[in-house]
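Remarks on the structure that follows.
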Amino acid sequence: MPSSTLDLLGSGLFLGFDSSTQSLKATAVDDKLRVVASQCVNFDSELPQYGTRGGVLHREKEGSITAPCIMWVEALELLLGKLAAEKFPFHKVVALSGSGQQHGSVYWRKGAAQLLGDLDVAGDDDLAAQLRDRAFSTHDSPVWMDSSTTQQCRAIEEALGGAASVASLTGSRAYERFTGPQIRKLYERQPEVYGDTERISLVSSFMASIFLGRYASIDYSDAAGMNLMDLEKRCWSHAMLEATAPGLEQRLGPLAASHEVAGNIHPFFVTKYGFPSECLVVHWSGDNPCSLAAGLALEHPGDIAISLGTSDTLVFFQVFGVTRNPQPGLEGHVFPNPVDVMNSYMAMLCYKNGSLTREDMRDRYAGGSWQKFNLLLQQSPPLNEGKLVFFYKEPEILPPLPAGMQRYVVDGDSVSEVAGEFSPSEEVRGLVEGQFASMRAHAERIGLPMPPNRIIATGGASANQQLVQLMANVFACDVYQAQQTDSASAGAAIRAAQGWASHRQQRFVPLSELIHNTAAAPNDSAVFLKLVASAQSCDDGYERMAATRAKIEQQLLLARHSC
Ligand code: XUL
C-alpha cells in the first residue's frame with residue numbers, strides 16, 4: 001500500500017478532455033484532484049466553417065446525422081492553443097485521458113496508420129492540415145443522434161435469434177445509434193468507403209489515436225455501446241461481427257481495459273505545446289462512463305447519477321447477486337464500469353430529447369429566459385392537476401417513438417388525450433414532470449430500488465434549482481450536485497490519474513482508494529458533492545404519475561406498431 005499521497009499521485013497534473021456533441025472541453029486536476037484549469041471550444045460558434053448546428057450535420061436527404069471528424073481535430077488544436085495562451089503548464093502533465101460522445105465512429109483510410117506515425121513535428125502544418133485529405137475514407141462520422149438504421153438493427157437481431165439474445169450477449173438490444181448497426185449501414189450503402197477503411201475508431205479512441213500518433217484501442221466500457229462486444233468475456237463477439245460486416249475484426253483492432261495506459265504522447269505535442277515526452281495517454285472512454293461513473297465517483301449501490309444535457313442519461317450500479325453477472329434486458333444498457341472494468345457494471349438509460357425539448361419550451365413560452373421558465377414551472381401545482389405533456393422534438397430513444405407532441409389529462413384511472421394546448425405554465429410543468437416520471441418508471445423497470453438512496457445530478461441543466469427540486473420530489477430522495485459541472489472532462493482527468501497511479505504501482509488502483517488517499521480537501525476537490533434538494537412530500541402522487549406515464553408510453557408504442 002502506498003504510504004502517502006505523494007506515493008500515489010506524485011506531484012504532476014492530470015489532463016482530461018471531453019469530446020462531446022457540441023464542444024470540446026479540457027479540465028486539469030492536480031495531485032489532490034483539485035481543478036486547476038479548464039477550457040472549452042464550441043463547434044458551432046468557433047468553427048463555423050463546418051456549418052454544424054449543435055455540433056452536428058443533419059443530412060436530410062440520407063436521413064442521417066453526422067459530424068465532420070476533422071472538425072474535432074481542429075478543435076483540439078484550438079483548445080490546446082487557448083490553454084497555451086493562458087500559460088497552462090503543459091510540462092507538468094504526467095498523464096492525460098478523455099471522454100468521447102458514445103457510439104460515434106471514425107473511418108481511417110488505408111495508409112492512415114503510416115500518416116499518423118509520421119506526423120510532421122518540425123513543419124508549420126497543423127494537425128488538421130496534415131490529416132484532412134489523406135487520413136479518412138469518409139469525413140462523415142455517424143453520431144449518437146442518428147436514428148436511420150432501424151432496418152440494420154432488425155436484420156442484426158434476426159441473425160442472432162432476436163433482440164433478447166443481442167441484449168444478453170452485448171449489454172443492449174440493437175439500437176439505431178450503436179456503432180455496429182451504423183457500420184452495417186455504411187458497408188451496405190457505401191461499400192467502396194468500407195473497402196477503403198483500414199481502421200474504425202470510436203470518438204474516444206479516435207482522439208486518443210491523435211495524441212498517440214498511432215491507433216488506440218477501444219476500451220471495454222465504450223465498446224459496450226457498439227453491439228459488437230461480448231459483455232461478459234470482454235472480447236469481440238464473432239457472431240455479432242459476422243452479422244454486421246465482413247472483415248470487421250481487423251478493422252476494429254484489439255480491445256483494452258479502460259484504466260490501462262495506451263502509450264506515450266506523440267512528439268508533435270511535446271514539441272508544439274511542451275508536454276513532457278513521458279506524458280502517458282490513458283485509454284479514453286465514453287462520455288457517460290467518464291462523467292457518471294468517474295466524474296461523480298458513483299460507488300454506493302442505490303445511488304443514481306442523472307445527467308441533464310443534450311441527452312438526459314441516468315446511471316446506476318446494478319447488484320448482480322453473488323455471480324456479479326449482468327442481466328441486460330430489452331430496455332436500457334449495461335456497460336462495464338470504466339473505473340473498475342473487470343469487476344463491475346453500470347446500467348444506463350438514455351433519452352434523446354433532454355435539453356432539446358426544455359430549451360424549445362423555454363423559447364416558446366418564456367422568451368428564451370430560464371428565469372421566466374422557472375416562474376412558469378412554479379405557477380402550476382405539483383402533479384399539474386393531472387396534465388401530462390409528451391414532447392419529442394427528435395425521434396426518441398426511450399421509448400422508441402417518433403417526433404411529436406401529445407397531451408393528456410389524468411383523472412383517477414381515466415386518461416384522455418386533449419387536442420389543444422395547456423396554459424404555458426401547465427405545458428412547462430407537464431413536460432418536465434413527465435420527463436422525470438418517465439425516468440423513474442424506466443429506472444424501476446431495469447432494477448433500481450425505489451426510492452433510490454440519493455441522486456447525484458450533473459449536466460448543464462442540473463444547475464437549475466427548480467429542476468433539481470422537482471427531481472427530488474419525483475424520485476422521493478435527496479439530490480446532490482458535483483461542484484465540478486464539467487463532470488465528463490473532470491471524470492476523464494480522474495481516470496488519467498487512476499491510470500497513471502495503476503501504471504506506476506503495477507497494480508489496479510481502485511477509484512475509492514485514489515479518492516480517499518488523495519482528495520485531501522474535499523471542499524476543493526473535483527469529486528466533492530453538495531446536497532442541493534430534499535424531497536417535499538407528495539404522498540404517492542409521483543409514483544402513480546410514473547406508472548400512468550409508462551402505461552401511456554406503452555399505448556403509444558402499440559399504436560405505432562399497429563400502423
Ligand atoms: C448514450 C448516448 C448519449 C451520448 C451523448 O448512449 O447516446 O448520451 O453519449 O454524447
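Taking full-length UniProt numbering, the leading residue of the sequence shown gets 1, the next gets one more, and so forth.
Every residue gets a Cβ at the ideal spot worked out from N, C-alpha and C, and that includes glycine.
The beta strand (DSSP E) runs of length 3 or more contained entirely in the segment 297-381 are, from start to end of the chain, 303-308, 312-317, 333-336, 345-351. By the criterion of at least three beta-carbon pairs nearer than 8 angstroms, the segment 123-133 is not in contact with the segment 184-194. Inter-segment contact for the segment 73-83 and the segment 145-162 is absent: fewer than three beta-carbon pairs are separated by less than 8 angstroms. Shortest Cα-Cα distance from histidine 516 to any of Thr27, Thr458, Val410, Glu299 involves Glu299. In the three-state DSSP reduction, glutamine 101 falls in the coil class, being neither helix nor strand. Contact between the segment 198-207 and the segment 263-270 is absent, with fewer than three C-beta pairs closer than 8 angstroms.
At the C-beta level, serine 277 and glycine 253 stay beyond 8 angstroms of one another. In chain order, the residues that have a beta carbon nearer than 7 angstroms to some heavy atom of the ligand XUL are Ser20, Thr21, Gln101, Gln102, His103, Trp144, Arg177, Gly225, Gly286, Asp287, Asn288, Thr310, Ser311, Thr313, His333, Met348, Cys350. In this structure, asparagine 42 and serine 23 form a Cβ contact; the two beta carbons are roughly 5 angstroms apart against a cut-off of 8 angstroms. Taken atom to atom, the span from the alpha-carbon of alanine 223 to that of leucine 255 is near 8 angstroms.
Tyrosine 480 is bridged by DSSP to Ile456, Leu531. Taking all protein chains shown into account, lysine 233 has fewer than 16 neighbouring C-beta atoms within 10 Å of its C-beta and is therefore exposed. If you look at lysine 25, you'll find it in the beta strand (DSSP E) that goes 23-29. The beta carbon of serine 438 sits closer than 6 angstroms to the beta carbons of Arg549 from its chain, once the five residues preceding and following it are set aside; these are given in chain order. Within a 10 Å sphere around the beta-carbon of serine 137 sit 16 or more other beta-carbons, which makes this residue buried. Sequence-distant partners of glutamine 498 (beyond 5 residues in either direction) whose C-beta falls short of 7 angstroms from its own C-beta, in its chain, are His259, Val339, Val509, Leu511, Leu514. Note on geometry: alpha-carbon atoms of histidine 442 and phenylalanine 316 lie some 12 angstroms from one another. Residues of the same chain with a CB within less than 7 angstroms of the CB of alanine 167, apart from the 5 flanking positions on each side, are Arg173, Pro328, Gly329, Leu330 in chain order. Annotated three-state conformation of threonine 548 is helix, per DSSP. For serine 237, the three-state secondary structure derived from DSSP is coil. Inter-residue distance for proline 449 and aspartate 31 is about 36 angstroms (C-alpha atoms, whole angstroms).
According to the DSSP assignment, proline 142 belongs to the beta strand (DSSP E) that extends over 140-142. Glycine 430: member of the alpha helix (DSSP H) spanning 424-445, first to last residue.
Here glycine 459 is near serine 307, since their CB atoms are less than 8 angstroms apart. Aspartate 303 sits away from isoleucine 446, with the two beta carbons spaced by 8 angstroms or more. Contact annotation, serine 380 with serine 425: C-beta distance approximately 5 angstroms; criterion of less than 8 angstroms satisfied. Cysteine 477 sits buried, since 16 or more C-beta atoms from the chains shown fall within 10 Å of its C-beta. When DSSP states are grouped into helix, strand and coil, tryptophan 108 belongs to the strand group. A straight line joining the alpha-carbon of lysine 530 with that of serine 487 spans about 14 angstroms.
Taking 8 angstroms as the cut-off, the beta carbon of leucine 557 is found closer than this to the beta carbon of leucine 401.
Listed in chain order, the non-local C-beta contacts of glutamate 553 below 6 angstroms within the same chain comprise Pro399, local neighbours out to five positions each way being set aside.
Judged by their CB atoms, leucine 431 and phenylalanine 391 are nearer to each other than the 8 angstroms cut-off.
Around the beta-carbon of threonine 310, 16 or more other beta-carbon atoms lie within 10 Å, marking it buried. In the three-state reduction of the DSSP assignment, valine 281 falls in the strand class, which pools E and B. Of the other Cβ atoms in all chains shown, 16 or more fall within 10 Å of the Cβ of alanine 472; this residue is therefore buried.
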